[in-house]
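The structure appears right after this line, and notes come after that.
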Amino acid sequence: MSRSFAQFVLLAFCLLWVSVAALPVARAQDAASDNRAAQSEQTSATAPEATNDNDPITLFPHSESSRYWISGQSNVVLQWHESFPAKYSGPNSLNAHPENGTSKVFTLFLGYQVAHNFEVFLDIESASGHGISDALGLAGATNLDIVRNPQLSHAPYVARAMFRWIIPLTDDRIASQRGPLALATSLPARRFEFRFGKFTLPDFFDQNSWGTDSHLQFLNWTVDNNGAWDYAANTRGYTDGAILEYDDHWWSVRFAEGLMPKVANGINLDADVTRARAENLEAEARGNLFLHRAGVVRVLGYLNHADMGNYEEAVRDFLNHVTPVPDITFTRRQGRHKYGFGLNFEQELPAKIGLFGRLGWGDGRNESFAYTEVDRTFQLGAFTKGDAWRRRNDRAGAVFILNGIVAAHQQYLALGGKGFLLGDGALTYGREKIFEGFYTAHLWRGIFGSFDLQHINNPGYNKDRGPVTVPGLRLHVEF
Numbered sequence: 039m040s041r042s043f044a045q046f047v048l049l050a051f052c053l054l055w056v057s058v059a060a061l062p063v064a065r066a067q068d069a070a071s072d073n074r075a076a077q078s079e080q081t082s083a084t085a086p087e088a089t090n091d092n093d094p095i096t097l098f099p100h101s102e103s104s105r106y107w108i109s110g111q112s113n114v115v116l117q118w119h120e121s122f123p124a125k126y127s128g129p130n131s132l133n134a135h136p137e138n139g140t141s142k143v144f145t146l147f148l149g150y151q152v153a154h155n156f157e158v159f160l161d162i163e164s165a166s167g168h169g170i171s172d173a174l175g176l177a178g179a180t181n182l183d184i185v186r187n188p189q190l191s192h193a194p195y196v197a198r199a200m201f202r203w204i205i206p207l208t209d210d211r212i213a214s215q216r217g218p219l220a221l222a223t224s225l226p227a228r229r230f231e232f233r234f235g236k237f238t239l240p241d242f243f244d245q246n247s248w249g250t251d252s253h254l255q256f257l258n259w260t261v262d263n264n265g266a267w268d269y270a271a272n273t274r275g276y277t278d279g280a281i282l283e284y285d286d287h288w289w290s291v292r293f294a295e296g297l298m299p300k301v302a303n304g305i306n307l308d309a310d311v312t313r314a315r316a317e318n319l320e321a322e323a324r325g326n327l328f329l330h331r332a333g334v335v336r337v338l339g340y341l342n343h344a345d346m347g348n349y350e351e352a353v354r355d356f357l358n359h360v361t362p363v364p365d366i367t368f369t370r371r372q373g374r375h376k377y378g379f380g381l382n383f384e385q386e387l388p389a390k391i392g393l394f395g396r397l398g399w400g401d402g403r404n405e406s407f408a409y410t411e412v413d414r415t416f417q418l419g420a421f422t423k424g425d426a427w428r429r430r431n432d433r434a435g436a437v438f439i440l441n442g443i444v445a446a447h448q449q450y451l452a453l454g455g456k457g458f459l460l461g462d463g464a465l466t467y468g469r470e471k472i473f474e475g476f477y478t479a480h481l482w483r484g485i486f487g488s489f490d491l492q493h494i495n496n497p498g499y500n501k502d503r504g505p506v507t508v509p510g511l512r513l514h515v516e517f
């Protein structure tokens, strides 16, 4: 076992112990926590939470007892911005001139419950269109649906293909919400779950009830996921791997091993796990300790191994005239690693308001490889639904995000280097500050319309560019 992996495991389990020890009274709260555990079964791929038959939120009804699951969704996002001040622009800059972009994502969800404890899933997806500046020039890109390589085919592809095996450890059962990635309507209160196949890690890790869903909630990359979590994925956001999860009444712990891309932001995954892989460990604790209202805390750790470059080495090669500009790709070496940690919380408040947030830390020495170019992130937001104005399936939210990168990454960009997202040709560093607000209206059955507004200071960490305001419209349909 490598020293870096041993350090990762030690730190991650220390965080796990702290999160578990922080809830010593949770056993007395099992009944309330069980309800929260059932809610957390839903993932970012699932439909909106169910309501009564008089107020449907899908175009077609879905059975609660059939072994089969068939559903679909479409998500169309239009965003634009006006011109904004910029002293200069580079190859990977956000365009300072007016522009717009439209993304279109269509997904078919298929599932079959082979037995009460064994389920299989197959999802077919199509992603097309483009984002503003093809998602370049921002660490917190404004639309999570954007594929980071606009040259990829628009033909449908397999997004998820996996099985789920539930291993009961007790006869006690709790209710579970049925959806595209979870078919059982009740689960053992204590259990193991094993998943294997193709999936996206944010379906199961770093979940947040009010800050995960780009279809009905926020759109920014560093709102819906922890920006400092460089999670294993190809260009489309998916990986192959395995997940083992243990669930108890008030807490859960899950571990995933996934494949890394062969190159940064690449479409092909490296199947040689002896040289490239990603370990992810997350602990989750649920309870009602604050104001006697439901809350969740999640602690995440990850360790990636891949053919990564090193920022300090790229800068040194440039200063020694080895390369004409700093170039991270010339310093790539198999066996390098990148690790980090994340904290994720959600807390119900009076007046049906939800408070949520994230903290993220990545070591930042080696290349940003799979998600985005963020080494530090802070996020705090609020969310509510429309019950107060008799629009209970409407929802609204606001959030502030602060992103940053380490000194070596700053120097690399300042000297003219570029990553797979950033590269203005120069840099006057400042933390990227983002505000996002949205309102989603339930129009009819499974049809939702949204208005979204994002304001970004120091786009791409550059004080010499911006600020920029990005309005957006979204049409979402749940079939």
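Numbering (the numbering used here), first residue to last: 39 to 517. Glycine included, each C-beta is placed from N, C-alpha and C at the ideal position.
{"Item": "Considering only DSSP beta bridges, list what Y340 is partnered with.", "Value": "N318 and G378"}
{"Item": "Just the Cα atoms here: how many angstroms apart are D425 and N431?", "Value": "8 angstroms"}
{"Item": "Whole angstroms are fine: how far does the CA of L219 sit from the CA of F232?", "Value": "13 angstroms"}
{"Item": "What are the boundary residues of the beta strand (DSSP E) that T478 is part of?", "Value": "E470 to W482"}
{"Item": "Determine the contact status of R374 and N404, defining contact as a CB-CB distance below 7 angstroms.", "Value": "yes"}
{"Item": "Could you pull the start and end residues of the beta strand (DSSP E) that Y284 belongs to?", "Value": "T277 to D285"}
{"Item": "So A314 packs on A344, CB below 8 angstroms; how close in whole Å?", "Value": "5 angstroms"}
{"Item": "Can you list, in chain order, the residues of its chain whose CB lies under 6 angstroms from that of R512, leaving out five sequence neighbours each side?", "Value": "V115 and S488"}
{"Item": "So for P388, helix, strand or coil by DSSP?", "Value": "helix"}
{"Item": "Looking only at its own chain, which residues have a Cβ that is under 6 angstroms from the Cβ of L393, when we skip the five neighbours before and after it?", "Value": "Q385, L387 and A420"}
{"Item": "Can you tell me which of Y106, N92, L97 and F122 puts its alpha carbon nearest to the alpha carbon of V502?", "Value": "The amino acid occupying residue 502 in the given sequence is Asp; Val does not appear at that position. That would be F122, whose Cα lies nearest to the Cα of D502."}
{"Item": "Among the candidates A408, V158 and F156, whose CA atom is the shortest distance from the CA of L297?", "Value": "A408"}
{"Item": "In the DSSP assignment, find the unbroken alpha helix (DSSP H) run with Y106 in it and report its ends.", "Value": "Here Y106 belongs to no alpha helix (DSSP H); instead the beta strand (DSSP E) covers Y106 to H119."}
{"Item": "With H, G and I counted as helix, E and B as strand and the rest as coil, what does DSSP make of E351?", "Value": "helix"}
{"Item": "Could you tell me whether the region 234-251 touches the region 210-218, where touching means 3 or more Cβ pairs closer than 8 angstroms?", "Value": "no"}
{"Item": "Could you tell me which residues DSSP pairs with W203 in its beta bridges?", "Value": "F156 and F232"}
{"Item": "Whole angstroms are fine: how far does the CA of T312 sit from the CA of V506?", "Value": "44 angstroms"}
{"Item": "Mind reading off the beta-carbon distance from H514 to N113? Whole number of angstroms is fine, and I expect it under 8 angstroms.", "Value": "5 angstroms"}
{"Item": "With distances taken between CB atoms, is the gap from N130 to L460 smaller than 7 angstroms?", "Value": "yes"}
{"Item": "Figure out for me which residue from T415, W203 and I494 has the closest Cα to the Cα of A134.", "Value": "I494"}
{"Item": "Report, in whole angstroms, the separation of the C-beta atoms of G454 and P364, which I expect to be a contact under 8 angstroms.", "Value": "6 angstroms"}
{"Item": "Residues in the same chain with beta-carbon distance under 7 angstroms from G519, minus the five sequence neighbours each way, listed in chain order, please.", "Value": "Since the displayed the chain opens at 39 and closes at 517, residue 519 lies outside it and no answer follows."}
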